[in-house]
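Novice:
Chains as they are written, first to last, in my numbering: chain Z, 1 to 115; chain E, 1001 to 1113.
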């Protein structure tokens, strides 16, 4: 079936630097999401995005985080500056409709290590 | 706190047996419940889901049972196969308020030949 692609699959970055995680969603999907999974913990919702705007964000979505999807290209998560506690796997997802029963499709994740 | 909990982190079943995975939740406003399957370094993929207006849904070897009063749902896999070996994530959503899934930590199912 249609896939969500995440680039890169792994990233190592020095604390304090900026990182951008890229997500290529399913082509006709309209809603986009980021989830964060710290090692040994559950996946947790960060943010959802629709029509060029953030609809909802969790308390994990710090001021250092931002998302955008310029001109219908990659949906990106930028962290600036990075902190050690940002080390996690970040999963992107997209869906056709607003809720999880609308072809909600996840990517394979980007493993971010901040050192 | 964690809104969705999988109390058993691992389960081993003999090939051909029934695998039962359990999930408890705290938010009684959740109205959508799902099970995802995940292989290492791969994306979670939806296996089966159910809305809160039904107690049970079957799809082939998979059955989801929902117990709303007990805030509990489970996944039963009959005739378990070695290829069922994976991590299983339960998830729930309150669909009236916005699109965000709450996940359990996952349970590793191993089906031994």
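Beta carbons are placed, not taken as given, at the ideal position from N, Cα and C, and that holds for glycine.
On a predicted model such as this, the values are computed, not experimentally measured, just so you know.
Can you find a CB in chain E that lies within less than 8 Å of the CB of residue 66 of chain Z?
Specialist: So, not an interface residue.
Novice: What would DSSP say about residue 44 of chain Z, mapped onto helix, strand or coil?
Specialist: Here residue 44 of chain Z sits in strand by DSSP.
Novice: Mapping the DSSP letters down to three states, classify residue 1058 of chain E as helix, strand or coil.
Specialist: Reduced to three states, the DSSP call for residue 1058 of chain E is strand.
Novice: Cβ of residue 1052 of chain E within 7 Å of any heavy atom in the ligand MN?
Specialist: Questions concerning the ligand MN fall outside what the structure shown contains, since it holds no ligand whatsoever.
Novice: Can you look up residue 56 of chain Z in the DSSP assignment and give me helix, strand or coil?
Specialist: Correct three-state label for residue 56 of chain Z: strand.
Novice: Indicate the three-state DSSP secondary structure (helix, strand or coil) for residue 68 of chain Z in the structure shown.
Specialist: Strand, per DSSP.
Novice: Is the region 1011-1024 of chain E touching the region 69-77 of chain Z, taking contact as three or more C-beta pairs under 8 Å?
Specialist: No contact exists between the region 1011-1024 of chain E and the region 69-77 of chain Z.
Novice: With distances taken Cα to Cα, identify the nearest neighbour of residue 1104 of chain E among Z:63, Z:42, Z:53, Z:105.
Specialist: That would be Z:42, whose Cα lies nearest to the Cα of residue 1104 of chain E.
Novice: Taking only beta carbons into account, state which residues of the region 65-87 of chain Z come closer than 9 Å to chain E, listed in chain order.
Specialist: Cβ contacts with chain E come from no residue of the region 65-87 of chain Z.
Novice: List the residues that DSSP assigns as beta-bridge partners of residue 7 of chain Z.
Specialist: Note: residue 7 of chain Z sits in a beta bridge opposite Z:22.
Novice: Name, please, each residue of chain E whose Cβ falls closer than 9 Å to the Cβ of residue 48 of chain Z.
Specialist: Chain E residues near residue 48 of chain Z: 1098, 1099, 1100.
Novice: So, with DSSP's three-state summary, where would you put residue 1024 of chain E?
Specialist: Strand, per DSSP.
Novice: Of all the options Z:85, Z:58, Z:49, which has the alpha carbon lying nearest to the alpha carbon of residue 98 of chain Z?
Specialist: Of the candidates Z:85, Z:58, Z:49, the one whose C-alpha sits nearest the C-alpha of residue 98 of chain Z is Z:49.
Novice: Within 8 Å (strictly less), CB to CB, does residue 1113 of chain E reach chain Z?
Specialist: Not closer than 8 Å to any Cβ of chain Z, the Cβ of residue 1113 of chain E fails to qualify, so no.
Novice: Given a cut-off of 8 Å on the beta-carbon distance, is the pair residue 11 of chain Z and residue 110 of chain Z in contact?
Specialist: The answer is yes: Cβ separation under 8 Å.
Novice: I want to verify the contact list: residues of chain E whose CB lies under 7 Å from the CB of residue 117 of chain Z, in sequence order.
Specialist: Within the shown structure, residues of chain Z are numbered from 1 to 115, placing residue 117 of chain Z beyond reach of any answer.
Novice: Examine chain Z for any beta-carbon lying closer than 8 Å to the beta-carbon of residue 1105 of chain E, and answer yes or no.
Specialist: True, the Cβ-Cβ gap to chain Z drops below 8 Å.
Novice: With a CB to CB cut of under 6 Å and the five nearest residues on each side skipped, what residues in its chain are close to residue 1027 of chain E?
Specialist: Here the set comprises 1003.
Novice: For residue 1118 of chain E, write down the residues that DSSP places opposite it in a beta bridge.
Specialist: A question about residue 1118 of chain E goes unanswered here, because the residues of chain E that appear run from 1001 up to 1113.
Novice: By the DSSP assignment, the beta strand (DSSP E) with residue 1077 of chain E in it spans what residues?
Specialist: Run containing residue 1077 of chain E: 1072-1077, per the beta strand (DSSP E) assignment.
Novice: At a cut of 8 Å, does the region 1070-1079 of chain E reach the region 1093-1101 of chain E through at least three beta carbon pairs?
Specialist: Output reads no: the region 1093-1101 of chain E does not touch the region 1070-1079 of chain E.
Novice: Quick check on residue 84 of chain Z: does DSSP put it in helix, strand or coil?
Specialist: Residue state, collapsed to three classes: helix.
Novice: Which term fits residue 86 of chain Z, buried or exposed, when burial requires 16 or more other beta carbons within 10 angstroms of its beta carbon?
Specialist: Buried, by the Cβ-count rule.
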